[in-house]
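Going by this note's numbering, the sequence shown opens with residue 15, and the numbers climb by one from there.
Every residue, glycine too, gets a C-beta built ideally from N, C-alpha and C.
Since the structure is predicted, the reported quantities are computational estimates derived from the model, not experimental observations.
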Amino acid sequence: MKIGLVIKELMLKQNIEVADLAKRLGKTKQAVYDMLDKEDVNTSLLRELAAIFNVPITIFFDNSVNNNQSNTGNNSIVLGQNNNVDSLNLDYKEKLESALVEIKHLKEVIDAKDKLLQEKERLINVLMNK
Numbered sequence: 015m016k017i018g019l020v021i022k023e024l025m026l027k028q029n030i031e032v033a034d035l036a037k038r039l040g041k042t043k044q045a046v047y048d049m050l051d052k053e054d055v056n057t058s059l060l061r062e063l064a065a066i067f068n069v070p071i072t073i074f075f076d077n078s079v080n081n082n083q084s085n086t087g088n089n090s091i092v093l094g095q096n097n098n099v100d101s102l103n104l105d106y107k108e109k110l111e112s113a114l115v116e117i118k119h120l121k122e123v124i125d126a127k128d129k130l131l132q133e134k135e136r137l138i139n140v141l142m143n144k
């Protein structure tokens with residue numbers, strides 16, 4: 015399948031206009047129209063397109079964009095011939111990142127309370143020595 019056709023299908027599915035795609039890519043509308051007529055494009059452009067459409071880069075090499083595509087939250091997951099992605103791993107990764115942020119915050123709270131406790135102990139010692 016021509017890569018230009020895959021890009022057109024993705025644009026239609028995600029309601030992205032040529033002008034919007036051109037702006038996101040930092041290209042002119044004419045450059046995007048030219049890209050849509052091509053059978054192939056360079057790899058760096060494919061990476062940018064995959065990021066914009068939130069799809070794996072391999073979608074441009076599959077036979078169809080319709081290979082069991084499903085959306086879960088902010089993650090677009092394509093399950094196709096050689097593209098078995100486990101959505102649970104993505105959920106666990108997000109939960110892990112959230113937990114790590116919470117742990118960092120709680121460590122900062124503990125450090126602040128330890129400093130406050132040390133200051134109170136110092137103040138008690140000063141008052142007791144008077």
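If we ignore side chains and look at the alpha-carbon of each, how far apart do residue i and residue j end up?
| i | j | result |
| --- | --- | --- |
| Asp48 | Gly40 | 14 Å |
| His119 | Tyr106 | 20 Å |
| Asp128 | Glu108 | 30 Å |
| Val20 | Val46 | 13 Å |
| Glu62 | Glu111 | 24 Å |
| Asn29 | Pro70 | 18 Å |
| Glu116 | Ile124 | 12 Å |
| Leu137 | Leu114 | 35 Å |
| Val55 | Phe75 | 11 Å |
According to DSSP, simplified to helix, strand and coil, what is residue i?
| i | result |
| --- | --- |
| Glu111 | helix |
| Asn139 | helix |
| Gln132 | helix |
| Thr42 | coil |
| Asp51 | coil |
| Met30 | Note that residue 30 corresponds to Ile in the displayed sequence, not to Met. Coil. |
| Glu62 | helix |
| Lys22 | helix |
| Lys118 | helix |
Find the nearest neighbour of residue i within the set the options, judged by alpha-carbon distance.
| i | options | result |
| --- | --- | --- |
| Thr57 | Lys43, Gln44, Thr42, Ile73 | Ile73 |
| Asp34 | Val140, Ala113, Ile66, Ile124 | Ile66 |
| Leu26 | Thr42, Gln44, Leu50 | Leu50 |
| Glu53 | Glu122, Lys22, Met142 | Lys22 |
Consider the C-beta atom of residue i and the heavy atoms of the ligand ADP; say whether any pair is separated by less than 7 Å.
| i | result |
| --- | --- |
| Leu24 | With respect to small molecules bound, the structure shown includes none, and the ligand ADP cannot be examined in it. |
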